[in-house]
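Asker:
Number of protein chains: 2
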Amino acid sequence: MPLPIPGSQVRGSKSGKPIMALLDLLGRTWSLGVIWHLSQGPATFRQLQQRCEQISPSLLNTRLQELKILQLIETRSDGYALTSQGRSLFEIIAPLGQWSKDWANHLPAESES
Amino acid sequence: MPLPIPGSQVRGSKSGKPIMALLDLLGRTWSLGVIWHLSQGPATFRQLQQRCEQISPSLLNTRLQELKILQLIETRSDGYALTSQGRSLFEIIAPLGQWSKDWANHLPAESES
DNA sequence: TACCTTGCTACTAAATATGTAGCAGAGTAC
DNA sequence: GTACTCTGCTACATATTTAGTAGCAAGGTA
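Heads up: the sequence lines are chains A and B, in that order. Residues in the first sequence are numbered from 1 upward in steps of one, following the numbering used here. Residues in the second sequence are numbered from 1001 upward in steps of one, following the numbering used here.
#1: When you compare the segment 49-65 of chain A with the segment 20-33 of chain A, are there three or more beta-carbon pairs, one atom per stretch, that lie closer than 8 angstroms?
#2: Going along the chain, which unbroken runs of the alpha helix (DSSP H) with 4 or more residues stay wholly within the segment 1025-1102 of chain B?
#3: What in chain A is Cβ-close to T1029(B), meaning under 7 angstroms?
#4: Along chain B, which residues have their Cβ under 7 angstroms away from the Cβ of K101(A)?
#5: Identify which residue in L1072(B), Q1049(B), L1070(B) has its Cα closest to the Cα of N1061(B).
#6: Just to confirm, is the Cβ distance from I1100(B) to L22(A) under 9 angstroms?
#7: Mind checking the segment 70-87 of chain A against chain B and listing, in chain order, the residues whose C-beta falls within less than 9 angstroms of any C-beta there?
#8: Does H106(A) get closer than 9 angstroms to chain B when you measure Cβ to Cβ?
#9: I believe G97(A) touches I1092(B) by the beta-carbon criterion, under 8 angstroms. Please report the beta-carbon distance rounded to the nearest angstrom.
#10: Could you name the residues of the segment 1033-1048 of chain B whose beta carbon sits closer than 7 angstroms to any beta carbon of chain A, in the order they occur along the chain?
#11: For Y80(A) versus L25(A), is the C-beta distance shorter than 9 angstroms?
#12: Is the beta carbon of R51(A) closer than 9 angstroms to that of T1029(B)?
#13: Determine the direct distance from the alpha carbon of N105(A) to that of S1111(B), and round the result to whole angstroms.
#14: Taking Cβ-Cβ distances shorter than 7 angstroms, what residues in chain B pair up with P4(A)?
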């Protein structure tokens, strides 16, 4: 499965339902991370590498190409940036930031016992 | 990296920030899918396998154990179900269903030319 | 011309996911 | 009690994906 394009078969679903394509895309390592970090503002390749701490350049490039084809990010003079579609996606998942904190507080036994 | 537990190091981040743990978790194949399909109601192991179309039992079991430890799902008499935390997470990502449809409509060149 | 930095490619090793077979336990039917 | 079925799940070999590291080509500076 090269790319999870809505309308075609994707990993995990033959139906090609857009939501399945999206879940496939977001389920790939670093997809969400790249979007999350780019939401802080445009970044060059190397800046993004630093924001993502531990991503390898080959994988970063792969993800960037995917996200670019799927029109969630674009290349501009100041580096990579979210498109308006990418931003609207981020606005949906933005509350995850707060949610994850609440979640962490309810998992006390694991994080430190 | 066994499990993305907030507070400990996770794949892609040494900080242990909850959001990074969450992004790691959701970035694993089928994590989002399992949550998505479970949101339609509780399901037994084999029912879930069918909803997920193409998940292998070994991976399904792995994900179920992870999500159970992280308290997003629980086992009940009628099978697996989202916990209240799981449901609150789903409520955040629920709009992705509609978003993905809009997204698909803006990618006409790929889905069908 | 020598030296940086940047975006990115190449390549190997390690980790993850797929796919298929099938087991052990519970329930029912004879 | 033994044969049949269904369930949750494990085992394991194969295929795919990701990590990790080295380094190249292009562009700018000095």
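Virtual Cβ for every residue (Gly too), placed ideally from N, Cα, C. Model, not experiment: these values are computed from the prediction.
Answerer: A quick look at the data gives this:
#1: Under the three-pair Cβ rule at 8 angstroms, the segment 49-65 of chain A counts as touching the segment 20-33 of chain A.
#2: Listed in chain order, the complete alpha helix (DSSP H) runs (minimum 4 residues) inside the segment 1025-1102 of chain B are 1031-1038, 1045-1051, 1057-1069, 1084-1093.
#3: The answer, in chain order, is G27.
#4: Per Cβ cutoff of 7 angstroms: P1018.
#5: Comparing alpha carbon positions, the residue from L1072(B), Q1049(B), L1070(B) closest to N1061(B) is Q1049(B).
#6: This sequence places Ser at residue 1100(B); Ile is not what is there. Yes, these two residues count as a Cβ contact at 9 angstroms.
#7: Under the 9 angstroms Cβ criterion, the segment 70-87 of chain A contributes L70, Q71, L72, Q85.
#8: At least one chain B Cβ lies under 9 angstroms of H106(A).
#9: That belief does not hold up - the Cβ atoms of G97(A) and I1092(B) are roughly 10 angstroms apart, past 8 angstroms.
#10: Answer set for the segment 1033-1048 of chain B: G1033, W1036.
#11: The answer is no: Cβ separation not under 9 angstroms.
#12: One thing to note: T1029(B) has its Cβ no nearer than 9 angstroms to the Cβ of R51(A).
#13: At S1111(B), the pLDDT of 37 sits below 50, so the modelled position is not reliable and the matter cannot be decided from this model.
#14: Result: empty, since nearest Cβ-Cβ is about 10 angstroms, beyond 7 angstroms.
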